[in-house]
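Notes follow once the structure below has been shown.
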Amino acid sequence: MPIGMLIPRTKSKRIVYGLLKHCNTVFVESCFSTSCVWTSRKKQSQYGMVDTERYSSLVKAVVSSRVSSQTPESLEDEDNKLYGPVVKSSFHKHMPLVPKNVYPLLKAEKTMLSVEYDHGNPARWSLPKGPERSGMPSVTRILQQTMSPEQLFYLERWKRRMIAELGEEGFKAYTSNLFKQGKLFHSALENALAPSESEETECTEDTTGYLESIQHVLEDINEVRAIESAVQHQHLNYVGIVDCVARYRGTLCAIDWKTSEKSKPFLHNTYDNPIQVAAYVGALNSDDNYSYQIKNGLIVVAYKDGSPAHPHFLDFEKVTKYWEKWLLRLELYKK
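For the working numbering, count along the sequence shown from 1 and bump the result up by 1227.
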């Protein structure tokens, strides 16, 4: 029979309170619920027997909701913590940040600008031959021989990928065609910048897109002073062939024309080309065949599909920065 039927409601609360006085205090605390007063004692967990004071630091580290100060903030930090920092191959190991011999970019005894300008005959000096050329490497050769490990890695990976797609013979034909396109493009440029009645430039489908690509750049170029002309640094002993020396938007520049199948909207996309231009600027300023000096450079990247070319202008500050990098590469080559 229910207890409520034997005990009047007015006395039920008093009886319950009386019963609670006789209950074990620990038992009441462990069953502090109106629905569990009459249940048996709860079995004690073995974790309650752990010496929490002894392992308090471990317990706090495990159960704390706050992140430990030693917890990495990113996967990269965690990887560095576990395996150590990533060792990237530097530009060249043990290579100084500043060249040992900082040769000036400008030649003190030469004027910055020639008074005379021949509109019809831009300079076309040839590279020295025979004994005059012995021991004088080209800018292109020096840059190729002193490429960084990263550059060599990506170049080799690209070559292997192309060979996998085209085969050995197909890759040779591909590179040969690129060389031919570049040569035809430069010939077409010569005709566009300094037209000659005696020479007719072959214009093919391969060069049409490139010429269309650079039309907006050609509109900003005038006063062409040199085309495909050799330059020689008479003190540092290296040679090169500058594509063009002309005014771009009023500023006299050494201009380097490049072709590309991929878009190169930023200067860093051109890899060693700024160093190459700085080397040409320094050589031209040193060369007595040129009665003037230049302080600026321009890299124009043309595209086969005719999309607008990307011109990358190098002011004197940038040319100076890349000139120092060129001096480092030159020192490395001589070693």
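Glycine residues also receive a C-beta, built at the ideal position from the N, C-alpha and C atoms.
Going by Cα to Cα distance, which pick from Gln1520, Arg1556, Ser1456 is closest to Glu1336?
For the purposes of this step, residue 1336 is taken as residue 109 along the sequence shown, with counting starting at 1. It is Gln1520.
Could you give the residue range of the beta strand (DSSP E) that holds Ala1400?
For the purposes of this step, residue 1400 is taken as residue 173 along the sequence shown, with counting starting at 1. It is not in any beta strand (DSSP E) - Ala1400 instead sits in the alpha helix (DSSP H) that spans 1376-1420.
Hey, quick one: how far does the beta strand (DSSP E) through Trp1484 stretch, first residue to last?
Taking the first residue of the sequence shown as 1, we reach residue 1484 at position 257. That run of the beta strand (DSSP E) goes 1478-1487.
In whole angstroms, give me the CA-to-CA distance for Gly1362 and Glu1377.
Residue numbering aside, residue 1362 sits at position 135 when the sequence shown is read from its first letter. Residue numbering aside, residue 1377 sits at position 150 when the sequence shown is read from its first letter. Answer to the nearest angstrom: the Cα atoms are 28 Å apart.
Secondary structure at Glu1450, three-state DSSP: helix, strand or coil?
Against the sequence shown, residue 1450 aligns to sequence position 223. Here Glu1450 sits in strand by DSSP.
Quick one: what does DSSP say His1460 is sitting in, helix, strand or coil?
Position 233 of the sequence shown, counted from the start, is the residue given in the question as residue 1460. In the structure shown, His1460 sits in a strand (DSSP, three-state: E or B).
Cβ of Val1444 less than 7 Å from any chain C Cβ?
Of the protein chains in this structure there is only one, and it is not chain C.
Alpha carbons only, please: which of Val1527, Leu1557, Val1508 is nearest the one belonging to Lys1334?
If you number the sequence shown from 1, residue 1334 lands on position 107. Closest by alpha carbon: Val1508.
Going straight from the alpha carbon of Leu1494 to that of Leu1393, what length do you get?
For this step, residue 1494 is matched to residue 267 along the sequence shown. For this step, residue 1393 is matched to residue 166 along the sequence shown. Approximately 30 Å between the Cα atoms of the pair.
Alpha carbons only, please: which of Glu1446, Tyr1465, Asp1499 is nearest the one belonging to Gly1477?
Locating residue 1477 in the sequence shown gives position 250, where the first residue counts as 1. Nearest of Glu1446, Tyr1465, Asp1499 to Gly1477, Cα basis: Glu1446.
Using a Cβ-Cβ cutoff of less than 6 Å, which residues in the same chain neighbour Thr1434 once the five nearest sequence positions on both sides are dropped?
As a working note, residue 1434 is residue 207 in the sequence shown. Only Leu1411, Phe1412, Ala1415 meet the Cβ criterion.
Does the stretch 1537-1550 come within contact of the stretch 1521-1528, defined as at least 3 CB pairs closer than 8 Å?
yes
Residues near Ser1295 in its chain [Cβ-Cβ closer than 6 Å; skip 5 each side]:
Within the sequence shown, the letter at position 68 stands for residue 1295. With a pLDDT of 39 at Ser1295, under the threshold of 50, the predicted position of this residue should be treated as unreliable, though the coordinate-derived value follows. Closer than 6 Å at the Cβ level, and outside the excluded window around Ser1295, lies no residue.
Outcome for Gly1381 when other beta-carbon atoms lying within 10 angstroms are tallied against a minimum of 16:
Taking the sequence shown and counting its residues from 1, one reaches residue 1381 at position 154. The sequence as given places Tyr at residue 1381; Gly does not occur at that position. With fewer than 16 Cβ atoms within 10 Å of its Cβ, Tyr1381 is classed as exposed.
Could you name the residues of the same chain whose beta carbon sits closer than 6 Å to that of Ile1390, not counting the 5 residues immediately before and after it, in chain order?
Within the sequence shown, numbered from 1, the residue matching residue 1390 stands at position 163. Excluding residues within five positions, the ones whose Cβ falls inside 6 Å are Phe1398.
Residue range of the unbroken beta strand (DSSP E) whose run includes Val1472:
The count along the sequence shown starts at 1 and reaches residue 1472 at position 245. Its beta strand (DSSP E) spans residues 1465-1475.
Whether or not the stretch 1366-1375 and the stretch 1462-1479 are in contact is what I'm after, with contact meaning three or more pairs of Cβ atoms, one per stretch, closer than 8 Å; do they touch?
yes
Provide the residue(s) that pair with Tyr1519 in DSSP beta bridges, ordered along the chain.
As a first step, residue 1519 is located in the sequence shown; it is residue number 292 there, counting from the start. None; Tyr1519 has no bridge partner.
Are Ala1473 and Val1458 close, meaning C-beta to C-beta below 7 Å?
Residue numbering aside, residue 1473 sits at position 246 when the sequence shown is read from its first letter. Residue numbering aside, residue 1458 sits at position 231 when the sequence shown is read from its first letter. In this structure, Val1458 does not lie closer than 7 Å to Ala1473 by Cβ.
For Ala1400, count the other beta carbons within 10 Å of its own beta carbon; 16 or more makes it buried, fewer makes it exposed. Which is it?
Taking the first residue of the sequence shown as 1, we reach residue 1400 at position 173. Exposed, since its Cβ has fewer than 16 Cβ neighbours within 10 Å.
So Pro1501 is in the alpha helix (DSSP H); what residue range does that whole segment cover?
By one-based count along the sequence shown, residue 1501 stands at place 274. Per DSSP, Pro1501 belongs to the alpha helix (DSSP H) from 1500-1513.
Hey, how far is the Cα of Asn1488 from the Cα of Gly1436?
Numbered from its first residue, the sequence shown carries residue 1488 at position 261. Numbered from its first residue, the sequence shown carries residue 1436 at position 209. This sequence places Glu at residue 1488; Asn is not what is there. So the alpha carbons of these two residues sit roughly 11 Å apart.
Can you name the residues that DSSP bridges to Gly1524?
For this step, residue 1524 is matched to residue 297 along the sequence shown. Gly1524 pairs with Ala1481, Leu1541.
Compute the beta-carbon to beta-carbon distance between Ala1505 and Tyr1549, rounded to the nearest angstrom, for a pair I have assumed lies under 8 Å.
Residue mapping note: residue 1505 aligns to position 278 of the sequence shown, counting from 1. Residue mapping note: residue 1549 aligns to position 322 of the sequence shown, counting from 1. Right, their Cβ atoms sit about 4 Å apart.
Using the beta-carbon count (16 or more within 10 Å), is Gln1372 buried or exposed?
Translated into positions along the sequence shown, residue 1372 becomes position 145. So Gln1372 counts as exposed.
Inter-residue spacing [alpha-carbon to alpha-carbon] between Ala1453 and Asp1483
For the purposes of this step, residue 1453 is taken as residue 226 along the sequence shown, with counting starting at 1. For the purposes of this step, residue 1483 is taken as residue 256 along the sequence shown, with counting starting at 1. Rounded to the nearest angstrom, the two C-alpha atoms are 12 Å apart.
Per DSSP, Tyr1530 is paired with what?
Residue mapping note: residue 1530 aligns to position 303 of the sequence shown, counting from 1. In DSSP, Tyr1530 forms a bridge with Ser1487.
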